[in-house]
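So the structure is just underneath, and the comments pick up after that.
Protein chains in written order, with the numbering used here: chain A, 25 to 217; chain B, 25 to 217.
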C-alpha cells in the first residue's frame, strides 16, 4: 500500500531497539481516509489470496480495534476484539490465551466470549503490527479453541526483522501485511517496502 | 436512533446495579452496518445542534475507539484516542487527567500527546457510555489543557440514572446520546428511549 509506505517514511519515528512509533496514524491518532483505505486494502488483499466466505474479523484491544473495524466495514462482516482484562461482569464462557507485550514488557491474557466466536465461523485475524507474533499466536489459539476455521491473517506493518511470519507459517494460511519494515545500518535505521 | 434502541431492547443484558452489558454491538463485538450508522447519527446530531468546523474527534481507549472512529469517518476529520497507560516509549509532551472506572473499580490516568491536540483544534468528544461522566470529564480536562475549543460531546448510550449529563452541563456545549436508558421497578429492570 504505497500511501502507507509514504506515511511511514514521512511520519513514523524509529526509536531504536526495533521500536517503530506510528502514533500519528495507527496507535494514537487515526486519519479517516487512510484508515478507510487500509480496510479496503485488507479486503482486497484477502480476496486476492483466495479468501472467501469470511464471517468474522478477530483482533485484540487496543491498537487492533481500528484496523479490524475498518476491515469489517470493507468486508461487511462483524468484528470481535479480544479483551485484555476479564471484565468483572463478563459471565460468559470465555476463550483465553496469553501473549507477551514486548513494548509493555509484560504478559497479558486475551479473552473472547464464546458467544461471538464458534465452530461455524470462518475467521480473518487483523492486527496493527506483526512483530514477534505473540499476540497473533494468542488470537490463533483462541480461534482454534472456538472450533472456528482460520482463513487468513493481516497486519498493517510487518517488522520483518522480528520473524513473526515464520512463527505463523505452520498455520498454512495467507499472511498479508500492508507495509514491511526492515532494519539497516546495524539497526540504527529502517527501510520500508 | 431507533435501530440502536431496538438493539438494546433485543440484545443488551441488564446485570443489575446499573450495569448494562452491550457486548454484542459495542464493547466486544462490533457490527459493521450499525457501527457506520452510529457514526452518521453522531455527525448528523452534532450538525443539527449547530456544531461546525470540528477539526478532531477525541475519545479514550478501549471502548471509545470504535464509536469515535466511525464518527471520524462520517465527519472526515482525524480522531485521537487517549491511552490508559503511558507507553514506555512515548516521549512526547503528554496531556494527562484521571478518571474512575466504575466497572473496573479503579482509577486510571488518560494520556494524549500534545502533538495531536492543540490550541487551534475544535474538538468533539465521543465515547460509548455517558454514566457518571468520569471519563468524559477527564477528556474535557485534557481538551482544556491543550488549549483546544470543546464544541460538543456525544455518547452511544446515556445512563440517565447516573446523572452524568448534569455533571457536564457547566461546559455549556451540546451533549447528544443516541439512546438513553433509565431504571424502573426499583432498579430491577430498564427502559430505553
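Don't be surprised by glycine CBs; every beta carbon is placed ideally from N, CA and C.
The three-state reading of DSSP puts residue 71 (chain B) in helix, counting H, G and I together.
Excluding sequence positions up to five before and after residue 55 (chain B), its CB lies within less than 6 Å of the CB of 49, all in the same chain and listed in chain order. For residue 143 (chain A), no chain B residue has a C-beta closer than 7 Å to its own C-beta; the minimum C-beta separation is roughly 17 Å. Put simply, the CB of residue 212 (chain A) is far from chain B, with every gap to its CB atoms at 9 Å or more. Residue 83 (chain A) sits buried, since 16 or more C-beta atoms from the chains shown fall within 10 Å of its C-beta.
A Cβ-Cβ distance of about 6 Å is found for the pair residue 188 (chain A) and residue 155 (chain A), placing them in contact under the 8 Å criterion. Taking a 10 Å sphere around the C-beta of residue 162 (chain A), we find 16 or more other C-beta atoms and assign the residue as buried. Note on geometry: alpha-carbon atoms of residue 198 (chain B) and residue 174 (chain B) lie some 10 Å from one another.
For the stretch 128 to 140 of chain A, the set of positions with a beta-carbon nearer than 8 Å to some beta-carbon of chain B reads 128, 129, 136, 137, 139 and 140 in chain order. Under the DSSP definition of a beta bridge, residue 137 (chain A) partners with A:118.
Chain order gives the chain B residues near residue 102 (chain A) as 53, 54, 55 and 56, where near means a beta carbon separation below 8 Å. Looking at the DSSP output, residue 124 (chain A) shares a beta bridge with A:131. In this chain, residue 186 (chain B) is not harboured by any alpha helix (DSSP H), its DSSP state being neither H nor E. Between the stretch 140 to 156 of chain A and the stretch 76 to 95 of chain A there are three or more C-beta pairs closer than 8 Å, enough to call the two in contact. Residue 116 (chain B) and residue 139 (chain B) have their C-alpha atoms some 7 Å from each other.
Runs of the beta strand (DSSP E) spanning 3 or more residues and lying entirely within the stretch 42 to 98 of chain A occur at 80 to 84, in chain order. With a threshold of 9 Å between beta carbons, residue 59 (chain A) makes contact with chain B. Ranked by Cα distance from residue 212 (chain B), the first of B:30, B:42, B:202 and B:64 is B:42. Not one beta carbon of chain A lies nearer than 9 Å to the beta carbon of residue 189 (chain B).
Among the residues of chain B, none has a CB under 7 Å from the CB of residue 181 (chain A); the nearest is roughly 15 Å distant. In this structure, DSSP gives residue 211 (chain B) a helical state, which the three-state scheme calls helix.
Nearest C-alpha to residue 104 (chain A) among B:69, B:143 and B:59: B:59. Taking 9 Å as the threshold, the shortest C-beta distance from residue 185 (chain B) to chain A does not fall below it. Relative to the Cα of residue 158 (chain B), the nearest Cα in the group B:47, B:122 and B:100 belongs to B:122. Taking C-beta separations shorter than 7 Å and ignoring five residues to either side along the sequence, the partners of residue 89 (chain B) in its chain run 83 and 105, following chain order. Annotation for residue 30 (chain A): the continuous alpha helix (DSSP H) segment containing it runs 26 to 35. Under the three-state reduction of DSSP, residue 155 (chain B) is assigned to coil, being neither helix nor strand.
Under DSSP, residue 179 (chain B) takes part in a beta bridge, and its partners are B:151 and B:201. The shortest CA-to-CA distance from residue 66 (chain A) to any of A:186, A:86 and A:95 is the one to A:95.
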